[in-house]
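Engineer: Protein sequence lines, in the order shown, are assigned to chains B and C. Going by our numbering, the first sequence opens with residue 1, and the numbers climb by one from there. Going by our numbering, the second sequence opens with residue 161, and the numbers climb by one from there.
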Amino acid sequence: MNGLFQYISTVFKSVKSLLIGMKITGKYVFTPWNNVTQQYPENRDTLKMFDRFRGEVIMTHNENNEHLCTGCGICEINCPNGSIEIISKSILTEDGKKKRAIDQHIYHLGMCTFCNLCVKACPTGAIVMGQNFEHSVWDRSKLTKVLNQPGSKIAQGVKE
Amino acid sequence: MGFNIYDFSGMTHNMHLWFLERMSPTATTIVEWTIIGVSYMLFVALFGLFLVYAERKVCAAFQQRLGPMRVGYWGLLQTIADFIKLLMKELIMPKSADRFLYNLAPFIVMIATFLAMAVLPFAKGLQTLDFDIGIFYVTAVSSVGVIGILLAGWSSNNKYSLIGAMRSGAQILSYELSVSLSLVTIIILAGSMQLSVVVESQRDSWFLFKGHIPSLIAFVIFLIAGTAETNRGPFDLAEAESELTAGFHTEYSGIKFAFFFLAEYINMFIVAAMATTVFLGGWMPLHFGQFESFNHVMDFIPPLVWFFMKVLGVIFLIMWFKWTFPRLRVDQILTLEWKYLLPINLVNILLMCLVVLTKFHL
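1) Going along the chain, which unbroken runs of the alpha helix (DSSP H) with 4 or more residues stay wholly within the stretch 348-436 of chain C?
2) For Y262 (chain C) versus V11 (chain B), is the C-beta distance shorter than 8 Å?
3) For the stretch 17-28 of chain B, enumerate the residues whose C-beta is nearer than 9 Å to any C-beta of chain C, in chain order.
4) Given that N34 (chain B) touches chain C, what residues does it touch there, using C-beta distances under 8 Å?
5) What does F485 (chain C) reach in chain B if we use C-beta pairs closer than 8 Å?
6) Can you give me the C-alpha to C-alpha distance between Y297 (chain C) and P254 (chain C), rounded to a whole angstrom?
7) Interface residues of chain C around Q156 (chain B) at Cβ under 9 Å?
8) Strictly below 8 Å CB to CB, what residues from chain B border W480 (chain C)?
9) Any C-beta of chain B sitting closer than 8 Å to the C-beta of A221 (chain C)?
10) At the level of alpha carbons, what is the spacing between F123 (chain C) and V438 (chain C)?
11) Any idea if T46 (chain B) is buried or exposed, counting beta-carbon neighbours within 10 angstroms, 16 or more meaning buried?
12) Between G407 (chain C) and L246 (chain C), which are expected to be in contact by the criterion C-beta below 8 Å, what is the C-beta distance as a whole number of angstroms?
13) Put M161 (chain C) into one of helix, strand or coil per three-state DSSP.
14) Does Y412 (chain C) pass the burial test, meaning 16 or more other C-beta atoms within 10 Å, or should it be called exposed?
15) Contact check, R327 (chain C) vs A272 (chain C) under 8 Å by CB: the rounded distance?
16) Using the Cβ count rule (16 or more neighbours within 10 Å means buried), how would you classify S199 (chain C)?
17) May I ask you to report which of helix, strand or coil DSSP gives A101 (chain B)?
18) At a Cβ cut of 9 Å, what residues of the stretch 407-429 of chain C count as close to chain B, listed as they run along the chain?
19) With three or more C-beta pairs closer than 8 Å as the rule, is the stretch 278-287 of chain C touching the stretch 341-357 of chain C?
20) Within the same chain, show all residues whose beta-carbon is closer than 6 Å to that of V431 (chain C), passing over the 5 residues directly before and after it, in chain order.
21) Does DSSP put I195 (chain C) in a helix, a strand or coil?
22) Within 8 Å of any Cβ in chain B, is that where the Cβ of M229 (chain C) sits?
23) Under 8 Å by Cβ, that's how I've got L523 (chain C) and G329 (chain C) pegged, so tell me the actual separation to the nearest angstrom.
24) Please say whether V57 (chain B) and Y107 (chain B) have beta carbons closer to each other than 8 Å?
25) What did DSSP end up calling Y40 (chain B) once you bin it into helix, strand or coil?
26) If you check the beta carbons only, do F382 (chain C) and V344 (chain C) fall under 8 Å apart?
27) Looking only at C-alpha atoms, which of C:D364, C:F274 and C:F419 sits nearest to H456 (chain C)?
28) Less than 8 Å between the CB atoms is what I'm expecting for R54 (chain B) and F114 (chain B), so what's the real figure, rounded?
29) Of all Cβ atoms in chain C, is any one closer than 8 Å to the Cβ of V182 (chain B)?
Shown next as structure tokens:
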């Protein structure tokens with residue numbers, strides 16, 4: 001008798017669990033406005049990528065063409081596949097001391113795996129991940145970018 | 161030729177007379193056969209293509225996608241484009257395949273499908289064959305298809321094909337039992353195996369409601385076993401993509417593959433149509449006992465529309481199963497049939513006998 005009871009309860013339990021599964025997928029099918037597909041070329045103007053999307057590494061500049069990069073090279077050390085090259089120069093500060101500064105922050109987009117380690121490692125928050133994802137170009141050399149804008153210099157008060 | 165959307169029997173009769181006036185009885189028969197054959201072929205091709213499109217759209221909706229959107233408005237021409245592509249593909253045959261059986265297999269599968277379709281009542285007077293053993297006939301010819309699958313697996317000379325075919329054979333032989341027994345449950349209630357009589361006796365209330373609990377159990381078992389018999393997910397281990405590449409039709413390409421593909425979808429239609437005819441009142445409109453005005457409004461919807469509404473509803477349910485449940489292992493499939501569905505079915509038949517004997521039904 002106990003076996004029969006167990007048999008029947010197995011049937012009811014499994015039917016219940018199947019119905020729970022069907023309820024979950026049913027919720028998906030009857031809420032089509034939650035679909036994740038993007039009709040990409042058509043909605044290019046309105047398409048907004050989500051916040052954590054990693055499109056490319058960019059260096060932020062303020063309105064005076066100043067960035068936060070000290071040229072320390074930590075991002076270069078942290079990059080697992082060598083997508084970043086730091087070329088530094090030494091400059092004279094106002095009080096006559098020699099100081100290291102960034103000359104060119106070279107970023108090879110074609111090698112980058114968008115792992116985000118450089119952004120995490122940056123002590124001053126100079127580089128961030130951008131949202132642009134349309135990277136196709138006709139020439140591979142165009143994928144090598146210099147992130148600091150020409151003529152830019154480090155912003156005042158950035159601690160080394 | 162009088163055309164009445166609620167009753168096609170007058171139209172077909174007038175057509176018959178119109179042909180008889182103009183040619184000999186033999187020629188009339190041949191012409192009528194041709195018309196019926198061509199219309200069935202057109203139906204299979206068009207409805208099959210539609211079902212493939214519907215499956216892709218429904219699958220996409222279950223996975224929060226949009227599905228085909230580029231070819232035609234909302235991707236409506238997608239399956240037609242796919243079909244044209246399939247027609248132009250090269251027919252490749254494995255070097256050591258059994259030539260005759262390899263070529264024969266897709267046709268057996270297709271023929272079984274056509275045979276089973278012949279007795280389906282689409283609307284009043286729109287039924288090709290009206291056997292007095294209609295339900296028995298459907299269960300009999302629909303199991304011919306498994307021979308085609310076994311032949312395809314055997315003659316391809318491919319391990320995957322053979323494993324897929326053997327799995328399919330074991331599965332269909334087992335689930336055939338459940339399909340038949342759940343139909344027997346309804347035959348007890350209906351008192352007839354003739355499909356037109358079965359439909360006609362559901363005029364007041366569908367068998368699903370009339371036989372309440374035993375009917376409901378039989379309907380659920382029929383849906384499960386019918387899904388298994390058409391080799392669809394979650395019972396699609398005959399062609400389990402992740403294990404057997406494509407199962408029995410691994411070695412088929414082009415139009416022969418299209419035959420298997422179309423037959424699979426039309427078999428799904430046949431299962432849905434049988435569920436509709438036997439449990440959901442066929443082309444009969446939805447009637448509730450006392451609500452006269454409601455019944456009258458329902459009568460205005462043509463039977464053909466009713467039939468296809470119900471069929472598409474059942475097909476949606478079957479697709480819902482496929483895109484929700486994970487595939488069963490072969491031992492789980494046989495356990496489900498022999499340890500659960502079969503005993504439940506046998507008890508259910510007893511229950512239905514009691515219900516009928518005590519006139520407990522509605």
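Positions of the beta carbon are idealized from the N, C-alpha and C atoms, including for glycine. Model, not experiment: these values are computed from the prediction.
Structural biologist: In this structure, then:
1) 355-360, 367-370, 372-389 and 401-404
2) no
3) L18, G21, M22, I24, T25, G26 and Y28
4) Q224
5) L18 and G21
6) 36 Å
7) Here the premise fails: no neighbours, minimum Cβ distance about 49 Å.
8) M22, T25, G26 and V29
9) yes
10) Because chain C spans 161 through 522 in this model, residue 123 (chain C) falls outside it and cannot be assessed.
11) exposed
12) G407 (chain C) to L246 (chain C), Cβ: 18 Å. No contact.
13) Because the pLDDT of M161 (chain C) is 47, which lies under 50, any placement of that residue in the model is unreliable, and the number read from its coordinates should be weighed accordingly. Here M161 (chain C) sits in coil by DSSP.
14) buried
15) The pair is not a contact, with the Cβ atoms about 19 Å apart (cut-off 8 Å).
16) exposed
17) strand
18) none
19) yes
20) G386 and T390
21) helix
22) yes
23) Nothing about residue 523 (chain C) can be read from this structure; chain C reaches only from 161 to 522.
24) yes
25) coil
26) no
27) C:D364
28) 4 Å
29) Given a span of 1 to 160 for chain B in the structure shown, any question on residue 182 (chain B) remains unanswerable.
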